[in-house]
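Asks: Protein chains in written order, with my numbering: chain A, 6 to 139; chain B, 6 to 139. In this text, a Cβ means the ideal position worked out from N, Cα and C, and glycines have one as well. Nothing here was measured: the structure is a model prediction, and the numbers come from that model.
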DNA sequence: ATTTTAAATGCGACTGAGTTGCGTTTGTGA
DNA sequence: TCACAAACGCAACTCAGTCGCATTTAAAAT
């Protein structure tokens with residue numbers, strides 16, 4: 006069943022179905038929180054090649070199958086799903102537990118005093134906390 | 006408001022006045038934006054030892070002389086001043102041209118409606134635009 | 001001014017994240 | 001089943017950051 010989802014996802018993006026990619030996809034489909042490289046490596050087993058894994062993470066990201074975020078310590082984490090474009094102002098809620106990113110409407114316009122000479126183009130707000138699932 | 010010069014800042018924290026520390030302090034006192042390790046290294050010159058520099062950055066951070074932030078690409082940046090109340094009133098301005106990160110005070114508190122079950126802990130705002138230098 | 005000493009430095013070695021080039025293997029469509 | 005681009009595996013590399021240890025130095029005590 007997950008394999009069906011996986012097949013579709015990969016085929017939609019013109020990505021070949023390799024063992025690693027199916028396994029990698031399973032990681033993301035079966036985990037509700039964002040995964041760091043060590044997390045993924047541990048789930049897939051030691052035999053997985055580092056560069057191949059990174060290349061696939063990049064390919065998945067490129068294909069909007071997963072997205073990458075950096076936590077407060079600057080550690081890269083990967084999670085299923087895509088983050089839509091930061092074109093206009095909007096807010097992201099990042100769960101500190103599962104690192105899931107939720108997009109939400111901003112209730113109030115943010116008013117910031119930027120110093121003279123600074124030109125504001127977009128304002129992005131990141132709310133950190135605990136989501137309803139955790 | 007009084008401006009504390011380097012000597013006082015270091016002595017207040019029981020830190021010895023070494024050449025590197027004075028120079029490092031100058032970097033932060035004379036720059037209004039956050040600096041990455043390469044930025045600092047370039048300002049101080051090639052002769053500076055890597056581990057000594059990192060140790061001093063850690064010491065300064067410990068002493069609340071500077072604070073560390075990670076930008077959207079997970080790159081560590083250091084800036085003068087201490088971090089305020091867990092980021093609630095903290096905003097970062099990121100210049101789209103020079104990628105420089107400026108720390109600034111928020112004029113208005115952001116008020117976001119998070120869905121039921123979501124618990125907000127910190128709110129961080131990232132403003133993108135063009136800085137006064139660009 | 002000299003001695004003392006803990007703190008700071010410089011060096012080398014190390015880990016961990018991430019990238020790149022290249023030769024080999026494999027999935028897929030003809 | 002064959003051809004070929006795509007994916008893989010490997011080795012080598014860069015860059016960020018850390019640690020242990022021997023040496024130097026700032027600053028307090030003599």
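Kindly give me the distance between the Cβ atoms of residue 82 of chain B and residue 40 of chain B, rounded to whole angstroms, as I take these residues to be in contact under 8 Å.
Replies: Right, the Cβ-Cβ distance comes to about 6 Å (below 8 Å), so this counts as a contact.
Asks: Considering just the uninterrupted stretch of the alpha helix (DSSP H) at residue 45 of chain B, what are its terminal residues?
Replies: First-last of the alpha helix (DSSP H) with residue 45 of chain B: 42-49.
Asks: Which residues does DSSP pair with residue 86 of chain B in a beta bridge?
Replies: According to DSSP, residue 86 of chain B bridges with nothing at all.
Asks: Note the first and the last residue of the continuous beta strand (DSSP E) segment covering residue 73 of chain B.
Replies: Here the beta strand (DSSP E) through residue 73 of chain B covers 71-75.
Asks: Does the contact criterion of 3 or more C-beta pairs under 8 Å hold for the stretch 49-65 of chain B versus the stretch 60-68 of chain A?
Replies: Touching, no, given that fewer than three Cβ pairs across the two stretches are closer than 8 Å.
Asks: Please state the DSSP three-state secondary structure of residue 37 of chain B.
Replies: In the structure shown, residue 37 of chain B sits in coil (DSSP, three-state: anything other than H, G, I, E or B).
Asks: Please say whether residue 124 of chain B and residue 134 of chain A have beta carbons closer to each other than 8 Å?
Replies: Against a cut-off of 8 Å, the Cβ pair of residue 124 of chain B and residue 134 of chain A comes out as a contact.
Asks: By DSSP, does residue 81 of chain B sit in helix, in strand, or in coil?
Replies: In the structure shown, residue 81 of chain B sits in a strand (DSSP, three-state: E or B).
Asks: Going along chain B in order, which residues have a C-beta closer than 8 Å to the C-beta of residue 137 of chain A?
Replies: Per Cβ cutoff of 8 Å: 120, 121, 122, 123.
Asks: Since residue 125 of chain B sits in a beta bridge, which residues does DSSP pair it with?
Replies: The partner list for residue 125 of chain B (beta bridge, DSSP) reads A/134.
Asks: If I'm right that residue 105 of chain B touches residue 128 of chain A with Cβ under 8 Å, what's the distance once you round it to whole angstroms?
Replies: In fact, because the Cβ distance is near 17 Å, the residues do not count as touching under 8 Å.
Asks: Flag residue 36 of chain A as yes if its beta-carbon sits less than 8 Å from any beta-carbon of chain B, otherwise no.
Replies: Not an interface residue.
Asks: Go ahead and label residue 103 of chain B buried or exposed: buried means 16 or more other beta carbons lie within 10 angstroms of its beta carbon, across all protein chains shown.
Replies: Burial call: exposed.
Asks: Hey, does residue 21 of chain A have any beta-carbon neighbour from chain B nearer than 8 Å?
Replies: It does not; no Cβ of chain B falls within 8 Å.
Asks: List the residues of chain B whose Cβ lies closer than 7 Å to the Cβ of residue 134 of chain A, in chain order.
Replies: By Cβ distance, chain B contributes 123, 124, 125, 126.
Asks: How big is the Cα-Cα spacing for residue 45 of chain B and residue 17 of chain B?
Replies: Rounded to whole angstroms, residue 45 of chain B to residue 17 of chain B spans 23 Å at the Cα level.
Asks: Mind pulling the chain B residues with CB within less than 9 Å of residue 109 of chain A?
Replies: Residues of chain B passing the Cβ test: 117, 118, 119, 120, 123.
Asks: So what does DSSP say about residue 68 of chain B, is it helix, strand or coil?
Replies: Residue state, collapsed to three classes: coil.
Asks: Could you check what DSSP says for residue 108 of chain B in three-state terms: helix, strand or coil?
Replies: Residue 108 of chain B falls in the strand class under three-state DSSP.
Asks: Would you report the Cα separation of residue 119 of chain B and residue 43 of chain B, rounded to the nearest angstrom?
Replies: Approximately 39 Å between the Cα atoms of the pair.
Asks: Measuring alpha carbon to alpha carbon, tell me which residue in A/52, A/55, A/67 is nearest residue 20 of chain A.
Replies: Out of A/52, A/55, A/67, A/67 has the C-alpha closest to the C-alpha of residue 20 of chain A.
Asks: Any idea which residues DSSP pairs residue 99 of chain B with across the strands?
Replies: According to DSSP, which records beta bridges pairwise, residue 99 of chain B is partnered with B/106, B/133.
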